[in-house]
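A.B. asks: Before we start, here is the structure in question, set down as structure tokens.
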Amino acid sequence: MKKLVFMLSAIIVVFGAFMAFDTYRSSQKEKVSPYGNKKVSMQTLEQAEKDPFYQNIIMPAQLKENQKVGQNEVVYFFSPVCSYCEALEPNLKDAVTKYSKLKFSLYNAYEFKEGWRDYDLQGTPTLIHFKDGKEVNRLVGYQPKEVVNQFFNAIN
């Protein structure tokens, strides 16, 4: 009798653990990553989870398509491990809010290394304004709020 109770208890515990794991896995799938199915670094995941600003990620193929069709947009090339990007963030968020009519996307140069070659990046942070699919202006490195606002103001 003791063996039967022990076996039933063990089966119930294993079944419960399986159900808990399955529920957890399902909840993780419901979180839609801005990176799609791409495996990304822990720094990138933490940044995307803690700050909604980093949900507007543009994938390399989408940026190329936007250029092909002549999309006007500002793209922020950043890295989640870049201290200058972190320092620029408040100035950039203010400008993006102020110039909300502009199409603005974020390109993670840490995860999508081809961006360094494709857009001749010298470092992060880099802001590039594309007009009719071509680069027309670029801002590189940390910049004070006034300079960031001038960059966006020149677009309007």
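Heads up: take any position in the sequence shown, counting from 1, add 3, and you land on the numbering used here. Glycine included, every Cβ here is placed at the ideal spot set by N, Cα and C.
Whole angstroms are fine: how far does the CA of T127 sit from the CA of Y87?
C.D. replies: Taking the straight line joining both Cα atoms gives about 7 Å.
A.B. asks: Output the distance between the C-alpha atoms of F107 and I60, rounded to the nearest integer angstrom.
C.D. replies: Spanning the two alpha carbons is a distance of roughly 10 Å.
A.B. asks: Assign I15 to buried or exposed, taking buried as 16 or more other Cβ atoms, counted over all protein chains shown, within 10 Å of its Cβ.
C.D. replies: Exposed, since its Cβ has fewer than 16 Cβ neighbours within 10 Å.
A.B. asks: Three-state secondary structure (DSSP) at F107?
C.D. replies: Three-state DSSP puts F107 in a strand.
A.B. asks: Helix, strand or coil for Y122 per DSSP?
C.D. replies: Note: Y122 maps to coil in three-state DSSP.
A.B. asks: Going by alpha carbons, who is nearest to V150 out of P37, L95 and L11?
C.D. replies: With distances taken between Cα atoms, V150 lies closest to L95.
A.B. asks: Just reading off the beta strand (DSSP E) that K67 is part of, what are its end residues?
C.D. replies: K67 -> not in any beta strand (DSSP E); alpha helix (DSSP H) instead, spanning P63 to K71.
A.B. asks: Considering only DSSP beta bridges, list what N140 is partnered with.
C.D. replies: N140 pairs with H132.
A.B. asks: Spatial neighbours of K71 within its chain, please: CB distance less than 8 Å, with the 5 preceding and 5 following residues excluded, ordered by chain position.
C.D. replies: Hits under 8 Å: G136.
A.B. asks: When the Cβ atoms of the stretch 74–83 are set against those of the stretch 108–121, are three or more pairs found closer than 8 Å?
C.D. replies: Yes, the stretch 74–83 touches the stretch 108–121.
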